[in-house]
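Read the structure below first, then the notes.
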Amino acid sequence: MAFTVKKNFLLNSWEILGILMLMWLSTISVEAFPLAGGGSRRVKCNLIQYIACYYIWQTCPLQCPTFCLMDCATCKPVCSCNYPGAVCQDPRFVGGDGITFYFHGKRNQDFCLVSDANLHINAHFIGKRNAKMKRDFTWVQSIGILFGNHQLLVGAKKTSKWEENVDHLEFSFDGKSISIPHKQGAIWQSTKGQHVMVTRTSNTNGVTVEVPGNFKVTAVVIPISAEESRVHGYDITDEDCFAHLELNFKFYKLTGNVDGVLGQTYRSNYVSKVKMGVTMPVMGGHLKYLSSHLFASDCTVSQFHGNSMLGVGSNELATEHPALTCSSGRIHGNGVVFKK
1 MAFTVKKNFL
11 LNSWEILGIL
21 MLMWLSTISV
31 EAFPLAGGGS
41 RRVKCNLIQY
51 IACYYIWQTC
61 PLQCPTFCLM
71 DCATCKPVCS
81 CNYPGAVCQD
91 PRFVGGDGIT
101 FYFHGKRNQD
111 FCLVSDANLH
121 INAHFIGKRN
131 AKMKRDFTWV
141 QSIGILFGNH
151 QLLVGAKKTS
161 KWEENVDHLE
171 FSFDGKSISI
181 PHKQGAIWQS
191 TKGQHVMVTR
201 TSNTNGVTVE
211 VPGNFKVTAV
221 VIPISAEESR
231 VHGYDITDED
241 CFAHLELNFK
251 FYKLTGNVDG
261 VLGQTYRSNY
271 VSKVKMGVTM
281 PVMGGHLKYL
291 SSHLFASDCT
301 VSQFHGNSML
311 GVGSNELATE
321 HPALTCSSGR
331 IHGNGVVFKK
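Residue 1 is where the sequence shown starts when you use UniProt numbering, and the numbers rise one by one after that.
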């Protein structure tokens, strides 16, 4: 099946689907507010062009009570962890190819999620050993982001008793701690070098971090609840509720050589290595993603060159502005890749 758009220009059904998906992503808005006493969050549409939905609050679905986004076009909240670029739970990833997989890594170690010419993202894993299994239960406690000659930290503070109205986020930029007022919509911006903007999406425990033309990440801190611990056998105690990050990434300027646990899934020639058709498809090979510390770019698959690559645009998959590059059976764009 093919659709003629212009003379000598054909789009197949997969490319049409990809374009529609990217159009849908442009309707997504992020602004969240916790309900009094905890529980489900509420989100609202901040895109004024959707006047019928603008500034209307909605409660996150039961399937994702702590982390959702508003789809302004339908005026309904959607689960963030089900869309490309998501890193949630015991790390559950949704790749750029739309395939869901798990990467467990190991507790108290750092792994590169994305490694490209001018972007490198590591994650620090925390967790508990399960005596009945041969692996750790793990969660992402913090991320270290390298771009140019800069370092950006977004992390969840260790805490024993969870309080929704207490901020459990921590930030630093180039080694200096960042302080942001505990107010929804409060913004911190860098004053030198590349433009960095951190915006609170709720009074506490939720932010978006963006470097225009490079990446954007939505981060929310959540604890392991007593019910989750009981159902999954996490054996969480009162000493530590294992506060961790739930993340959703968008990338604006990846190259064809991008690598990392998540990054590789955005390559046009990537073929998923996880076993499909099972309850928990797992990506193995954790050693090649292992980094020596949160701001190291020394994992085996590292592609990071920092400032030495600024201005070099060879083999790019996307431009600074949201864009599409169509080829036979594939489509590339801001955080979504559909393959035939």
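Built from N, CA and C at the ideal position, the CB exists for glycine as well.
Report task. Mind checking who F147 pairs with in its DSSP beta bridge? Result -> H150
**Report entry** Simplified DSSP state of N248, which is helix, strand or coil
**Finding:** strand
Query raised in the report: So, H124 versus A243, is the Cβ gap smaller than 9 Å?
Result: no
Query - Sub-9 Å separation of R107 and I126 beta-carbons - result: yes
Query raised in the report: CA-CA distance, P84 and L119?
Result: 18 Å
Query raised in the report: Quick one: what's D116 bridged to in DSSP?
Result: Here D116 is bridged, per DSSP, to L119.
Query raised in the report: Anyone know if the C-beta pair for F215 and V198 falls short of 9 Å?
Result: no
Report task. Inspect the beta-carbon positions of I56 and C45 and report whether they are closer than 9 Å. Result -> yes
Query raised in the report: First and last residue of the beta strand (DSSP E) that includes E239?
Result: Where E239 is concerned, there is no enclosing beta strand (DSSP E), given that its DSSP letter is neither H nor E.
Requested in this report: Measure the C-alpha to C-alpha separation of F249 and P181 and round it to an integer number of angstroms.
Outcome: 24 Å
Requested in this report: Note the first and the last residue of the continuous beta strand (DSSP E) segment covering S229.
Outcome: Taken as a continuous stretch (DSSP letters only), S229 belongs to no beta strand (DSSP E), being part of the alpha helix (DSSP H) at 226-232.
Query raised in the report: Would you call K253 buried or exposed, if buried means 16 or more other Cβ atoms sit within 10 Å of its Cβ?
Result: buried
Report task. Look at the alpha carbon of N73 and the alpha carbon of V43, and state the distance between them as a whole number of angstroms. Result -> Inspection of the sequence shows that residue 73 is occupied by Ala rather than by Asn. Cα-Cα distance, rounded: 14 Å.
Query - Three-state secondary structure assigned by DSSP to C53 - result: The answer is coil: DSSP assigns C53 none of H, G, I, E or B.
Query raised in the report: Just checking my contact of Q194 with H150 at CB under 8 Å: how many whole Å lie between their CB atoms?
Result: 6 Å
Query raised in the report: To the nearest angstrom, how far is it from the Cα of P34 to the Cα of I222?
Result: Legend: pLDDT at P34 = 48, less than 50; position of this residue unreliable, value from coordinates given subsequently. About 12 Å.
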